[in-house]
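Residue numbers (this note's numbering), protein chains in the order written: chain A, 43 to 148; chain B, 1349 to 1835; chain C, 1162 to 1639.
Okay, so here's the structure we're looking at.
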Amino acid sequence: MSAPGSKRRAEITAGDVEHVARLARLALTPDEVDRFTAQLASIFENADAVAALDLDDVPPTAHPLSLSNVFRADEPRPGLSRDEVLAAAPAAEEGWFRVPRILEEP
Amino acid sequence: MSRRYEAVIGLEVHCELATATKLFCACRNEFGAEPNTNVCPVCLGLPGSLPVLNGRAVEFALRFGGVLGFGAPARSIFARKNYFYPDMPKDYQISQYEEPICIDGALEVDGVRVGIERAHLEEDTGKTVHVGGGGRIHEADHSLVDYNRAGVPLMEIVSRPDLRSAEQARAYVQELRGVLLAIGVSDVKMEEGSLRVDANVSLRSEGADELGTKVEIKNMNSLRSLGRAIEFEIDRQAELLEAGEPVAQETRHWNEADGRTHGMRSKEEAFDYRYFPEPDLVPIVPDPQMRARAGERLPELPADRRGRLAREWGISENDARLLVDVAGLAEFAEAAVAALGAGSAKDLVNWCVGEVLGFLNESGLVPGALPLAPDGLAELVDLVAAGSISRAQAKDVLDECLREPKRPRQVVAERGIEQVSDEAELAAVIDDIVAAHPDDVAAYRAADAKVRKKKRGFFMGEAIKATRNQGNPKVLGRLLDERLAGD
Amino acid sequence: MTDPGSINASEIATAVRNGHSAVETVDRCLDAIAARDDELHAFLHVDADAARAAAAAIDERVAAGDDPGALAGVPVALKDNLCVRGAPTTCGSRILEGWRPPYTATVVDRVLAAGAVPIGKTNLDEFAMGSSTENSAFGPTRNPHDPARVPGGSSGGSAAAIAAGFVPLALGSDTGGSIRQPASLCGVVGAKPTYGAVSRHGLIAFASSLDQIGPLAGDVGDAALLLDVISGHDPLDSTSIPDGIPSVSAVLDEGVEGIRVGVVSELTDAEGVQAEVGEAVESAAIALQKAGATVGPVSIPAAVHGLAAYYLIAPAEASSNLARYDGVRYGLRVDADDVATMNARTRASGFGAEVKRRIMLGTYALSAGYYDAYYGQAQRVRTLLIRDFESAYESFDVLLAPTSPTTAFELGAKTADPLAMYLSDVCTILANLAGHPAMSLPFGTGEGGLPIGVQVFAQPLREPEMFRTARVIEESAP
C-alpha cells in the first residue's frame, strides 16, 4: 500500500492501461487499449474529487458490519467427489487439472 | 569469506498447522491423499463460495504468540494477496498484511536474542507438477495441479535480520522447530513440507549500519541445505563485492545437486499484490478468554527444560541439550530419575547420553520403544551405587537389557555376577590370601611406596580371582589395606 | 401487461395448502412465459419439467397431510448469479456458459424448504455489473411496460418476470441498486436487506462488502413473505448477522403513526432527477403524513461523494472476485502455449466490455501507489456516510427518496457513455455503502405510462419500520 499523503496522480496513459491489463490478465486489442484509456481517464476525474478530500482524521470503513470473532469448529466434513470436481475442468489428466506450461513462477 | 564483510540474515519460516481441517473450510488437513480428493467449493474457490475461519488455527497462533512473548494485537484482520498462478484457486491468497495475529516476539538461540518481527496466518496453495522436460518448470510441456493442499493453514514466521551466520540460522530453525513441536501446533517435518524456510541474505562492511542488498533464497528442503545454501550465498556475494560488482536484488533458487544458488528467470515487473482487507471475513479480536484458552496446558519449552534439568541434576548444558533434542529422551530420563533409589541423577544421565543414546542411534528406535523401561535404568544405576555390580559389569548388563525385555536384576542373577560386598565374607578371603603369602606380606611391610603398590596389586588380583570376579573391589581394597597395615 | 397482483404469492400458498393444485399454478406461469418471454427475454433458462415435477411433489405432500411451508407451490424465479446444483448458472457471462455448480446457494435451499417451486434463472447484466441488463452476454431483457425500453439492472430479468406476470416471486441481488432500480423501472417491489441479513453463500460475488440478495414481488406483502423465508444466520457466511433480522410479515399492517420520515434533500435534488420522479416522492410523503407520520427534510452531506466512492470500492473488490475466472478449473478456456497467455485470452474472450472496464478500474484503484488515494479514500467516504446516516436517524426513523432519477430509458440510450449509465445509481448506492436496508415500491406512472418508484431507507435491522412505511405508501399509490 502506498505511503500516506500520496494523493495526486498523473493523467492515465495507454501505458497505464496496458500495465493494469497485464496485472489483471486481460489481453486487450490496441483499439480496446485506446478506448479504455479514454474511458478510465474520464471515470477517474470523478475519483480524483474523492482523492482530493481532506479526510486524514477519518478512519476507513472496510465493512458495514461490526462483527468479530466468527469461527468454525475444527471438525472435518465431506467435500466434493473428484469426479464432480473434474467434470467441470476444461482439461484434466488422471485426477489432476491440466494447464499449459508455466513460464513464470510467483 | 573475507573478514571485511558481515552477513546479515533473516529467515521466513512457513509452518503447516496441525489442525484437523483447512483454514477456511471443513476439508481434511491431511498429507498424501489422492489428488483432488480433499476439496470443496470453498478451497476450490468456486463461484459463490465463502471462507469461514478455523478457530483452532487462531488458537494455535495465539499459543505460539504467547510462548514467544509476542505483543498480542487488539485486533487482527485478513487481507487478500492478489496474483495469478494455477495453484491458486481464487487467484488471490487470503493472508494477513497489516494487523497480523502476532507482532514483535523473540527467540533465544545459543544465548543470542533473535527478534521475530511478526507471525501471521494464511492459506496454503495447491501443488503443481510439471510434465515433460525432466520435471523442471521451464522445460515442461504442461503442468498438472492438485488442490488438496489449497487452504491448509500456514503460519508464516518472519524473523528480524538478526542472524549472522549459516550456523546460527540453522540453530534458529532448530530451536523454532522445537518450540512449535513442544506446543503441539505443527509436526514441522521439512521433508513433508510442513516446515519451509526461505532466507534473505545480504552483506555489509563490518561495522556498517546500513544493510546491503537483500537476496531471497528459496528451495532449501532440509537444515543441511539451509546451511549450505546460506554459506554459498555469502561467498557468492562476497566475491561480487570484492570485485567491485553490485549484488542484484533478486530471488535465487538453491540447487541441491550442484550446490549453488541460481537466479530465476527475470520477471517483467515486480509483483504488485494489491493487498486490501478481506471483505468476506470479520476481524479477530483476541479477548482474555481466547488468550487463556490458548495458554492452557502449555508444555515446557525446550530452552526452559534444558535449563531446569541442568540445574536440578547438575549436568552439563551439552548433556541437557542432548536429552531435550532427542525426542522422548528427556521424558525417559525424568521418569527414570523419579524411580531412583540410592543412585544419582547425574549418573543416570551419563548412561542416557552414553550407552542408551548410542543404542538409539544405532537401532533407530525411539526411547518409548525400548525393551528397557525407565525404572529399569534406575534399577541399574541403583545396583551400581549399592556396589552390587561394577561399572564395567553394568555396561554389559545394560547392553543386554537394551535388546531383551529383561530387568537388570534378572540379568545379574542369571549371570551370577552379583558383586559380593559382605564384609565378613570378604574379610575371610583377605585373611586366606594373607595367610597364604606370608613372604609377600613381609616384603610389603618392609618396602617403599613403589614396591608396595606392586605388591598390593598382586594381592588384589588374588582376591578378585578368589572371589571369581565378584568381590567388590572397594571393600576388598579397604579390608586388604587394613589387614596389611595392622598385625 | 398482466396486473402483478393477479398472481399473489400468499394467496397461492394458502390455496395450495388447502388442496389447490400446485401443478396448475406452475402451468399457468409456464404458459405466460411461453406466450411472451420470446419478446421480453426475462429468463435465460426455464426448466419446465423440473418445475412440474417439483410442483407435483408439493401436491403429494399436501395430499398426505403435510404442510410444505410458507411458500407452498409458489413459483419463484432466481437471478442467474445464484448457484443451483446441476443447473446452468452463467452470471450472464460467456465465461461461465455451460457451467453447472456442484452445490446450491443457501437462499435457494431456504426457498425450496419453504415449498416454493423454482421456475428458472433470470437474465442479468454480466456479473451483476450494470443498470439496464444490456450488459448480458446473452442479449438484453425488455421492459414489459414498453419493450423498446430497458427493465433496469442488474436484476432486470427478475424484475421483468414479476412485472410481466410470469411469476409472483423472484430473487435478485443488489450491490449498488440492482434490485431496487429495476423494480422501480418495472413498477414492482424490490428490497435490499441490511448487509448480513441474508446469506451470500452461493451468490456469485461482485463486490463482497456491498452485495446482498433480496426479494422482488408484485406487492409489499409478498416481498415481506419472501424476505422472512430467506433471511437468517448462515454459518457458511462469516458476514452473516448472528441473530438475523426481525420478521417483517408479522408487523406489516402496524401503520406509520408516530413514525418520523426524512426526505433526503441531496437525492431529491440530485443530478438528472426527472420532475415527475421528484413529484412522486413528494406525493408519497404527503400520503405518509395523512397516515399519521411526521415528515421533514433531511440532509446526508456525504451523499454527493457516494457515487464516486462506490465506483472505486465496487470495482476494486470485483477485480479481485473475478480473478478466479482464469480458464483453469471451470468455465471457458481459450487455449495457448503457456498458462498466462491462456488466462489472458480466456478472460479477454469471456468477459464483456463493462466487466473488463470495471476490472481495470478496480485493479488500478488498488495498485501500488494509488491504494491510499482511491480505495483508501473511498473507505473514508464510507465512514462519513455512515456518520451522516447516524445523525439523520437521531431525528428520523425512516428516510424517503427517489429510487431512480428517471423512468425506464430506451435500449441503447446510455450504452455509449459508461458514466451516464453509472449516474442511474446515484440514489441507490448509499444504502449499499452504509450496509442499510432500502426498498423500492411503485408510486404511479410518468410520461408514457412508465412506472415510477420511490425508495424507503431504514437503519440496520429495522426492516419492520421500512416495510410498514412501504405498505402505507402502497395503499395510497395512484
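C-beta atoms are modelled at their ideal positions from N, C-alpha and C, and glycine is treated no differently.
A straight line joining the alpha-carbon of Val-1417 of chain C with that of Phe-1557 of chain C spans about 12 Å. Only those residues of the segment 1503-1523 of chain C whose C-beta falls short of 7 Å from the nearest C-beta of chain A are listed: Met-1503, Asn-1504, Ala-1505, Arg-1506, Arg-1508, Ala-1509, Lys-1517, Arg-1518, Ile-1520, Met-1521 and Leu-1522. Against chain C, the CB of Gly-1393 of chain B has a partner CB under 8 Å away; the residue lies at that interface. In the displayed model, His-1490 of chain B falls within a strand according to three-state DSSP. Annotated three-state conformation of Arg-1421 of chain C is strand, per DSSP.
Secondary structure at Pro-1395 of chain B: coil, using DSSP grouped into helix, strand and coil. When DSSP states are grouped into helix, strand and coil, Arg-140 of chain A belongs to the strand group.
Cβ-Cβ separation between Gly-1382 of chain C and Leu-1413 of chain C: approximately 6 Å, consistent with a contact (criterion under 8 Å). Listed along chain A are Asp-116, Glu-117 and Pro-118, each with a C-beta nearer than 7 Å to that of Thr-1369 of chain B. Contact with chain B is found for Leu-1527 of chain C, since one of that chain's Cβ atoms lies less than 8 Å from the residue's Cβ. Beta-carbon to beta-carbon, Ala-1464 of chain C and Leu-1591 of chain C are separated by about 6 Å, close enough to satisfy the 8 Å threshold. Take Leu-70 of chain A, set aside five residues on each side of it, and the residues of its chain with a beta-carbon closer than 8 Å to its own are Val-59, Glu-60, Ala-63 and Phe-78, in chain order.
Asn-1384 of chain B has no beta-bridge partner at all, per DSSP. Asp-1779 of chain B and Arg-1793 of chain B have their alpha carbons spaced roughly 16 Å apart. Nearest C-alpha to Thr-1524 of chain C among A:Leu-65, A:Ala-104 and A:Asp-73: A:Leu-65. In summary, the residues of the segment 1420-1446 of chain B whose CB is separated from some CB of chain C by less than 9 Å are Arg-1428, Asn-1430, Tyr-1431, Phe-1432, Tyr-1433, Pro-1434, Met-1436, Pro-1437, Lys-1438, Asp-1439 and Tyr-1440, in the order they occur in the chain. Just measuring C-alpha positions, the residue of C:Asp-1307, C:Ala-1577 and C:Ser-1339 sitting nearest Ala-1324 of chain C is C:Asp-1307. Judged by their CB atoms, Gly-1291 of chain C and Thr-1302 of chain C are not nearer to each other than the 8 Å cut-off. Look at Tyr-1491 of chain C: its C-beta is under 8 Å from a C-beta on chain A. At a cut-off of 8 Å, the C-beta of Ala-1577 of chain B has no neighbouring C-beta in chain A. When C-beta atoms of the segment 1271-1285 of chain C are compared with those of the segment 1569-1578 of chain C, fewer than three pairs fall below 8 Å, so the two segments do not count as touching. In the structure shown, Pro-1821 of chain B falls within a helical segment according to DSSP collapsed to helix, strand and coil.
Met-1600 of chain C: member of the beta strand (DSSP E) spanning 1599-1606, first to last residue. Counting only residues of its own chain and dropping the five nearest sequence neighbours on each side, Val-1823 of chain B has a CB closer than 6 Å to the CB of Ser-1769 and Leu-1774. Annotated three-state conformation of Asp-1208 of chain C is coil, per DSSP. Runs of the alpha helix (DSSP H) lying entirely within the segment 1503-1536 of chain B, each at least 4 residues long, are 1514-1530 in chain order. Judged by beta-carbon spacing, Thr-1400 of chain C lies beyond the 8 Å limit of Val-1633 of chain B, meaning their Cβ atoms are not closer than that value. A distance of 8 Å or more separates the beta carbons of Val-1674 of chain B and Leu-1720 of chain B. By the neighbour-count definition (other C-beta atoms within 10 Å, threshold 16), Asp-1389 of chain C is a buried residue.
Neighbours of Pro-106 of chain A in chain C, taken as residues whose beta carbon is under 7 Å from its own, are Tyr-1356, Ser-1370, Ala-1595 and Gly-1596 in chain order. For Arg-1404 of chain B, none of the residues of chain C pass the 9 Å Cβ criterion, the least Cβ distance being about 16 Å. In terms of Cα proximity to Leu-1398 of chain B, the closest of C:Ser-1410, C:Leu-1364, C:Glu-1555 and C:Asp-1430 is C:Leu-1364.
Contact of His-1466 of chain C with chain A by beta-carbon distance below 8 Å involves Ala-91, Val-92 and Leu-95. Taking a C-beta distance under 8 Å as the contact criterion, Thr-1336 of chain C and Leu-1285 of chain C do not qualify as a contact pair. Interface with chain A (8 Å Cβ-Cβ cutoff): Pro-1383 of chain B is included. Less than 8 Å divides the Cβ of Leu-1365 of chain B from the Cβ of Ser-1534 of chain B.
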